[in-house]
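Beneath this line is the structure, given in structure tokens, with notes to follow.
In my numbering, the protein residues as written are 31 to 210.
In structure tokens:
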């Protein structure tokens, strides 16, 4: 378990984030993963209130739903993540599953901040040209198909419907294969 003085982070045996608890507000976020380490659900616990995320093809939260199936928040985004309409109490994780920082309007990935208004990362790619020649580009300029939750590497294509994503974990690079 990790603690930054405000939040407590719990990781599972595969070193994936499974719980975030804000010690000041009591707000808890729980995450579940499939066998390929893709986050498949996020559950928000606000005191005694539970909310579930409904996500689109790139992991953007488009609805939050209570246990009775009632929509409690709805979001719509443009292609690069600017919210074009919303209702209800907005969740902390929004576009492409990235953490929204409301004071700046940025989305925070593990290694970099992303600005949806310009569709670019704000800092150079930490892995330099290994992530592509444009050090500020977000997901090969194709945000409808790809995500980059770490801020390190967009997916790489291999012919015949197989897609390779890169997962960076404690300095090691692991390749994850998914059929598309």
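Using N, Cα and C, we set each Cβ at its ideal position, and we do this for glycine too.
**Asked** Residues in its own chain within less than 8 Å of residue 158 by CB, not counting five upstream and five downstream?
**Response** Mapped onto the chain shown, residue 158 falls at position 128. Closer than 8 Å at the Cβ level, and outside the excluded window around residue 158, lie 165.
**Asked** Is the stretch 142–159 touching the stretch 58–72 in the sense that three or more CB pairs, one from each, lie closer than 8 Å?
**Response** no
**Message:** Quick check on the DSSP output: what are the complete beta strand (DSSP E) runs of length 3 or more inside the stretch 122–162, in order along the chain?
**Reply:** 129–131, 136–138 and 143–145
**Message:** Does residue 215 come out as helix, strand or coil in the three-state DSSP assignment?
**Reply:** Residue coverage of the chain in this structure runs from 31 to 210, which leaves residue 215 outside it and unanswerable.
**Asked** Using DSSP with H/G/I as helix, E/B as strand and the rest coil, what is residue 45?
**Response** Walking along the chain shown from the start, residue 45 turns up at place 15. Three-state result, residue 45: coil.
**Message:** Under DSSP, the beta strand (DSSP E) around residue 83 begins and ends at which residues?
**Reply:** The sequence position of residue 83 within the chain shown is 53, counting from 1. Residue 83 -> beta strand (DSSP E) spans 79–85.
**Prompt:** Excluding five sequence neighbours on each side, which residues of the same chain lie with their C-beta closer than 7 Å to the C-beta of residue 181?
**Reply:** As a working note, residue 181 is residue 151 in the chain shown. Contacts found: 139, 140, 141, 142 and 151.
**Message:** Whole angstroms are fine: how far does the CA of residue 173 sit from the CA of residue 82?
**Reply:** As a first step, residue 82 must be located in the chain shown, where it is residue number 52. As a first step, residue 173 must be located in the chain shown, where it is residue number 143. Near 23 Å, if we compare the C-alpha coordinates of residue 173 and residue 82.
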